[in-house]
Amino acid sequence: MLGRSRLSAGFLAVAAAVALAQHAPPWTEDCRKSTYPPSGPTYRGPVPWYTINLDLPPYKRWQELITDKAPSLKVMLNYLRDAANIFVPSGKLMKIVDEKLPGLLGNFPGPYVEEMKGIADVTGLPFGEIISFNVFYEFFTICTSIIAEDKKGHLVHGRNMDFGIFLGWNMNNNTWTITEELKPLTVNLDFQRNNKTVFKAASFAGYVGMLTGFKPGLFSLTLNERFSTNGGFMGVLEWILGKKDAMWIGFLTRAVLENSTSYEEAKNILIKTKILAPAYFILGGNKSGEGCVITRERKKSLDVYELDLQQDRWYVVETNYDRWKRPLFLDDRRSATKACLNQTTQENISLPTIYDILSTKPVLNKLTVFTTLMDVTKGQFETYLRDCPDPCIGW
Ligand SMILES: *[C@@H]1O[C@H](CO)[C@@H](O)[C@H](O)[C@H]1NC(C)=O
Ligand SMILES: *[C@@H]1O[C@H](CO)[C@@H](O)[C@H](O)[C@H]1NC(C)=O
Ligand SMILES: *[C@@H]1O[C@H](CO)[C@@H](O)[C@H](O)[C@H]1NC(C)=O
Ligand SMILES: *[C@@H]1O[C@H](CO)[C@@H](O)[C@H](O)[C@H]1NC(C)=O
Ligand SMILES: *[C@@H]1O[C@H](CO)[C@@H](O)[C@H](O)[C@H]1NC(C)=O
Ligand SMILES: *[C@@H]1O[C@H](CO)[C@@H](O)[C@H](O)[C@H]1NC(C)=O
């Protein structure tokens, strides 16, 4: 059981780390070199592959994967249940989640409801808890995404998935509880139709949206959280109140990966579709100049920032701040990433050098669950579990 003391201790640890900030050693370091192939203390281990057969009815698609991962999924959901019971004692919140959430959220279009029902039945967990686990990723996804083009016009796309802030800190080894519990849930997915790959993704078992994936030969896509006052909570509220014309962001990303057939089509959909929470979409294509960061409000796009080789813009980087604003001074992963890209130079861009950059503190931090590297034209998709041993900043 999780005690109130552990949560408030986590909060104190955060406050202490805030005071130290992110700018000075040991929280930052020189750009790492030759860290690939992954090894050593920042590498936790490989990520297993599963095939998801889209020819099966949605209810059955996740059975094999979820049968393997049910124990870890239960640990995670138990933890979330305990956390909810601390904030709203007497189990009332979880009772609402279990009994009311399915009705409140109503029907999602597409395969999602049936897929989540299948997952609930295999694990024996309440359907409402599986839904809440899926909604969870609309918030708190703090990440770094990079698309870079080398001198030959070849694109690479990398991302660190950082997740789990503020939901509890392990004092014994200085880690975030959720971040640690997500590591055994991390999977690589090969979505197939007719025994052929439609797209590949790195995800968490139990989640049916997608945040990181690519379509070999066509495009790559990552989603980063965007914090805004007109944020996801408003969107969810509108949804519950019956205004269901917007899409959940992770479900939109999944739909684009599954059904879009070109960079241009994907870009157009990501710019135009109404969404429930603000977001950044980082989209790469299969040829020179095809790479952009789309900054989204819920109802419209604010900015589409593309590669532009004529202007020597050979990379785009997104963390969790609008590019025209300064990042929060406590969290400047953006400058660190750009400084390392500048140092690497366009001549040396490759999956290994992108891994070096994503391994440099504070781009790598205590929230980093995994690193994914994608090469659309070569069809390479690699995911690695990460650790950030002390000294290392909390985010
Ligand atoms: C830290 O401790 C937690 C809880 O005991 C454990 O689950 C996790 O694997 C540990 N992480 C590391 C990096 O040692
Ligand atoms: C996929 O491959 C398996 C064996 O590898 C075969 O039994 C099955 O019929 C194939 N399915 C389709 C839709 O081609
Ligand atoms: C992709 O398109 C197919 C066919 O229209 C549809 O059945 C499926 O639900 C779509 N997938 C998603 C994730 O929206
Ligand atoms: C690149 O993507 C386009 C669609 O945008 C596709 O027509 C073309 O075949 C792709 N090129 C390669 C080499 O796969
Ligand atoms: C990286 O290089 C670009 C172009 O020379 C420059 O504008 C930018 O300030 C540099 N950024 C960092 C963080 O070094
Ligand atoms: C980049 O490549 C050049 C040679 O092409 C090499 O001299 C230089 O050291 C490399 N820089 C880095 C940061 O790897």
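FYI, in mature numbering (1 follows the signal peptide of the UniProt record, and there is no 0) the residues of the sequence shown are -21 to -1, 1 to 374. Note that beta-carbon positions come from the ideal geometry of N, C-alpha and C, so glycine has one too. All of these numbers come straight from a predicted model, not from anything done at the bench.
For Asp369, which residues of its own chain have a beta-carbon under 8 Å away from its beta-carbon, when the five flanking residues on both sides are left out? The residue labelled residue 369 in the question sits at position 390 within the sequence shown. Once the five neighbours on either side are set aside, the close Cβ partners of Asp369 are Asn153.
Using DSSP bridges, identify the partner residues of His133. Position 154 of the sequence shown, counted from the start, is the residue given in the question as residue 133. Answer by DSSP bridge pairing: none, since His133 is not bridged.
Spatial neighbours of Lys246 within its chain, please: C-beta separation below 8 Å, excluding the five flanking residues on both sides. Locating residue 246 in the sequence shown gives position 267, where the first residue counts as 1. Closer than 8 Å at the Cβ level, and outside the excluded window around Lys246, lie Leu262, Cys271, Ile273, Val283.
C-alpha gap between Thr7 and Cys319, whole angstroms: By one-based count along the sequence shown, residue 7 stands at place 28. By one-based count along the sequence shown, residue 319 stands at place 340. One C-alpha to the other measures close to 12 Å.
Distance, Trp41 Cα to Lys74 Cα: Within the sequence shown, numbered from 1, the residue matching residue 74 stands at position 95. Within the sequence shown, numbered from 1, the residue matching residue 41 stands at position 62. Roughly 26 Å between the two C-alpha positions.
Does Lys246 come out as helix, strand or coil in the three-state DSSP assignment? Residue mapping note: residue 246 aligns to position 267 of the sequence shown, counting from 1. Three-state DSSP puts Lys246 in a helix.
For the beta strand (DSSP E) holding Gly24, just list the boundary residues, first then last. Numbered from its first residue, the sequence shown carries residue 24 at position 45. For Gly24, the enclosing beta strand (DSSP E) has its first and last residue at 22 to 25.
Residue burial classification, Arg305 (beta-carbon count within 10 angstroms, cutoff 16): Here the question's residue 305 lines up with position 326 in the sequence shown. The residue is exposed, with fewer than 16 neighbouring Cβ atoms inside 10 Å.
Suppose you measure from the CA of Thr339 to the CA of Ser314; what does that come to, to the nearest Å? Counting from 1 along the sequence shown, the entry for residue 339 is found at position 360. Counting from 1 along the sequence shown, the entry for residue 314 is found at position 335. When only Cα atoms are considered, Thr339 and Ser314 end up about 12 Å apart.
Where Lys279 and Asp301 are concerned, what is the direct C-alpha to C-alpha distance, given to the nearest angstrom? As a position in the sequence shown, residue 279 is number 300, starting the count at 1. As a position in the sequence shown, residue 301 is number 322, starting the count at 1. Spanning the two alpha carbons is a distance of roughly 15 Å.
N-terminal and C-terminal residue of the beta strand (DSSP E) that Cys10 is part of: For this step, residue 10 is matched to residue 31 along the sequence shown. No beta strand (DSSP E) holds Cys10; DSSP gives it neither H nor E.
Please determine whether the Cβ atom of Ala127 lies at a distance below 6 Å from any heavy atom of ligand 5. To locate residue 127, count along the sequence shown from 1; it is residue 148. Ala127 Cβ: outside cutoff for every heavy atom of ligand 5.
Confirm, please, whether the CB-CB distance from Gly268 to Leu286 is below 7 Å. Walking along the sequence shown from the start, residue 286 turns up at place 307. Walking along the sequence shown from the start, residue 268 turns up at place 289. Going by C-beta atoms, Leu286 is nearer than 7 Å to Gly268.
What did DSSP end up calling Val114 once you bin it into helix, strand or coil? Translated into the one-based positions of the sequence shown, residue 114 becomes position 135. Val114 sits in a helix when the DSSP states are folded into three classes.
Opening and closing residue of the alpha helix (DSSP H) in which Ile333 lies: Taking the sequence shown and counting its residues from 1, one reaches residue 333 at position 354. Taken as a continuous stretch (DSSP letters only), the alpha helix (DSSP H) holding Ile333 covers 330 to 337.
Let me know the beta strand (DSSP E) ranges lying completely inside the segment 260 to 344, each 3 residues or longer, listed in chain order. 270 to 275, 280 to 285, 294 to 297
Can you check which of these residues, Lys357, Tyr334, Thr165, Val342, is closest to Met189 by C-alpha distance? In the sequence shown, residue 189 corresponds to position 210, counting from 1. Ranking Lys357, Tyr334, Thr165, Val342 by Cα distance to Met189 puts Thr165 first.
How would you label Gly358, buried or exposed, when you count the other beta carbons within 10 angstroms and need 16 or more for buried? One-based indexing of the sequence shown puts residue 358 at position 379. A residue is called buried once 16 or more other Cβ atoms fall within 10 Å of its Cβ, and Gly358, having fewer, is exposed.
Please state the DSSP three-state secondary structure of Asn173. Counting from one through the sequence shown, the residue named residue 173 turns up at place 194. DSSP places Asn173 in coil when its eight states are reduced to three.
Cβ-heavy atom distance, Gly89 to ligand 3, below 6 Å: Taking the first residue of the sequence shown as 1, we reach residue 89 at position 110. Gly89: yes, Cβ under 6 Å from ligand 3.
Which of the three DSSP states, helix, strand or coil, is assigned to Met150? Here residue 150 corresponds to residue number 171 of the sequence shown, with the count starting at 1. Per DSSP, reduced to three states, the secondary structure at Met150 is coil, with no helix or strand assignment.
Contact between the segment 28 to 37 and the segment 169 to 188: three or more CB pairs below 8 Å? yes
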